[in-house]
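Residue numbers (my numbering), protein chains in the order written: chain P, -2 to 97; chain E, 8 to 478.
Dropping the structure here:
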C-alpha cells in the first residue's frame, strides 16, 4: 500500500495505491494524521488505483470525514472501482461521502 | 536417421573415390602398356630418334602420373580411416545425448502409486537417435501439472530446443499455476534470441485433483481428446500460436471440468502422421476409433501403440511418436478438499489471506466480486484474532481452514486466545449520519453481511468461529 499526498491551494489530493488492509493501517494512519488538521480544506480521496479496502481502511476514511465535518471542509471520494464501491455500499459509506 | 545417411553418403563417396582411382591407375597402366608396345613396334620400324624421345617422355610422364595417383589414393584412404573413427565417436555421442534426453522425461509408471486420484501413462518412441518431442508432468499442491510438445525440425538442433523447453516448463510452472501464464512466460523466453527460427507446438494444463477442474492453454499443438465413459471428443481448444514465434502473443486459457474416470489423451503428430508402406497416414479417425472410455491409462496407450504398429507394418518411422493419457480418478471431488493456513499473531501476515482465498476459490468459478468479499470477511475475522485474542507481547497462532464443497465454502477460524465471541457484538447502524457513526464495529458487521452463516463456539480452550458462504 502506497499513498501520495498532493496539496494545491485549498485542495489536498490523497491517492491510494494498492491494498488498504489491516496490515497497512498503522502506516497510513501516520501519514494521514497531519491532514486531520487541514480538514477545513477540500480533501480528494483518489481511489483510482485502490484495489481493495477492509474495515481498517474505512476507519481512516471515516476519521477524515468526521474531522472535515467538524471543520466545515469537504471530502470527495473519486474513481472507486466496483470492488471498493461494493464495500462502500455494504457499509452505508456511499451516503457519508461525496462520490465522484 | 540423418546421421546414418551421412555416414552412408561418406562411405559411398569413399567407395566412389577408390573406384575412380583404380580406374585411373588401370587406364594409366594400360596406356603405358600401349606406349611400350608401340615403342617396341616403332623401334623395329623406324629409328627416328625424335619419335623415340617422345615415347620415352610419354613413358616417364605416365609413370609419374601413376605414382602421383597412387600417392593420392593412399592419402585418401588414410583420411577415410580417420573419418570413420570420428563417425564412430559422433555416433557414440549421439547415443549418449539420446540417453540424456530420454532421462529428462518421467518414465516410471505409475508415477504416483500412493495416489488414487490420478491414473496416467506416457510413451515416447523416438524415430531417430535424438528427437524433438517432449512431455512432462508432476504434482504440486494437489494439482497435476502436465505438458506435451513437438519441436520443429529434427535431429540434434530439435533435441537441444526440446531440452530447453522441458527445463523451462519445470522452472516456470514451479511459480505459476495458470497454464496461460506458464505458456506466456515460456514463449517470451523462447521468442527472445530465437535466431534459428525454431518453434515448438506445446500444450500445457493443470488438473486440480481436488475438484477435477482442468485449466489448459494450447500453443499450436494437436488438440487433445477428452475420453469420457460414453464418448470421445476433441477438447475445445483454441489453437493460439506455437512457442517461439511472437514474443508478445496473448495466449488464451480455457477450462473445463473432468469427472471421475474421464481422461485427456495428448499426442504429437508423429502418431497421426505415422505412415504404412503405401504411404497412407494413421490419421485422427483411426486414432479416434482406438480411444475408449474405461481403459486404464496404460492399457489405452498400449492399445494405441499396437494399433499404430499394426498399421505401419514394417514401414520405418519418420517422426517421434509420443502420447500421454491422464485419467482423473477422484471419486468424491470437492469433498475433503480442505486447506489450512496458519498465521502468527502478527498483523503483517494479513496479506497472505488474499493468496489463500484465491487458491481455494480457483476451482469453483467465483466472480471477482465474491472472491474479494470472501477475502474481506476472512480478513476481518482473522485480524480480530491477531489484534485482540492474545495479550500484548505474547505470541499465538490462528488456524484458518477452508473446505470447498459443491454448493458452499466453509471457513473455520481457530485460536487459543482469550474467550471472545464476535457474534455477540452489537450491529452497527449503517443509516446513521457522519457525526453519529461509530468508527469501530465495522469488521464484524462486514463478516455478517458477506457470509450466509456465522457461528461461534468455545471448545477445549479454543475460540472456533465458523463461517459459511453459499455459492
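All C-beta atoms, glycine included, are put in the ideal place defined by N, C-alpha and C.
Fewer than three beta-carbon pairs drawn from the segment 72 to 87 of chain E and the segment 267 to 279 of chain E are found closer than 8 Å, and the two stretches are therefore not classed as touching. Contact between residue 190 of chain E and residue 217 of chain E does not hold, since the beta-carbon distance rounds to 23 Å and is not under 8 Å. Our two residues, residue 319 of chain E and residue 284 of chain E, have alpha carbons roughly 7 Å apart in a direct line.
Residue 42 of chain P is a Cβ neighbour of residue 11 of chain P, given a cutoff of 8 Å.
Distance between residue 391 of chain E and residue 334 of chain E, taken at the CA atoms: about 44 Å. About 31 Å separates the beta carbons of residue 250 of chain E and residue 336 of chain E, which is beyond the 8 Å limit, so they are not a contact pair. When 7 Å is used as the limit between beta carbons, residue 441 of chain E is near these residues of chain P: 62, 63, 66 and 93, in chain order. Residue environment: residue 94 of chain P is assigned as buried (16 or more neighbouring CB atoms within 10 Å of its CB, all protein chains considered).
Taking a cut-off of 8 Å on C-beta distances, the segment 346 to 358 of chain E does not touch the segment 161 to 180 of chain E, as fewer than three cross pairs fall below it.
With respect to the 8 Å criterion, residue 37 of chain P and residue 69 of chain P are classified as neighbours on the basis of their beta carbons. When secondary structure is reduced to three states using DSSP, residue 336 of chain E falls in the coil class, being assigned neither helix nor strand. Rounded to the nearest angstrom, the Cβ distance from residue 364 of chain E to residue 394 of chain E is 20 Å, too far for a contact under 8 Å. Assignment of residue 473 of chain E by DSSP, reduced to helix, strand and coil, places it in the strand class. For residue 371 of chain E, there is no enclosing alpha helix (DSSP H), as DSSP gives it neither H nor E. Contact note: residue 450 of chain E reaches chain P through 52, using a C-beta cutoff of 7 Å and chain order. Judged by DSSP secondary structure, residue 5 of chain P falls outside any alpha helix (DSSP H) and instead within the beta strand (DSSP E) spanning -1 to 5.
For residue 82 of chain P, the nearest beta carbon of chain E is not closer than 8 Å to its own beta carbon. Taking a cut-off of 8 Å for Cβ pairs, the segment 181 to 190 of chain E and the segment 155 to 165 of chain E do not touch, as fewer than three such pairs fall below it. Assigned with DSSP and collapsed to three states, residue 35 of chain P falls in coil, not helix or strand.
Under the three-state reduction of DSSP output, residue 435 of chain E falls in the coil class, being neither helix nor strand.
Runs of the beta strand (DSSP E) lying entirely within the segment 147 to 187 of chain E, each at least 3 residues long, are 150 to 158 in chain order.
Around the CB of residue 269 of chain E, 16 or more other CB atoms lie within 10 Å, so the residue is classed as buried. In the structure shown, residue 411 of chain E falls within a strand segment according to DSSP collapsed to helix, strand and coil.
Minimum Cα-Cα distance from residue 398 of chain E among the listed residues E:425, E:73 and E:116 corresponds to E:425. A check of alpha carbon separations from residue 35 of chain P across P:96, P:74, P:21 and P:65 identifies P:65 as the nearest.
Residues of the same chain with a CB within less than 8 Å of the CB of residue 324 of chain E, apart from the 5 flanking positions on each side, are 132, 134, 277 and 281 in chain order. Contact check for residue 20 of chain P against residue 357 of chain E passes: the beta carbons are separated by less than 8 Å. With respect to chain E, the C-beta atom of residue 88 of chain P has a partner C-beta closer than 8 Å. Taking the Cβ atoms as the reference, residue 254 of chain E lies roughly 6 Å from residue 199 of chain E, within the contact range of under 8 Å.
Inter-residue distance for residue 405 of chain E and residue 115 of chain E is about 41 Å (C-alpha atoms, whole angstroms).
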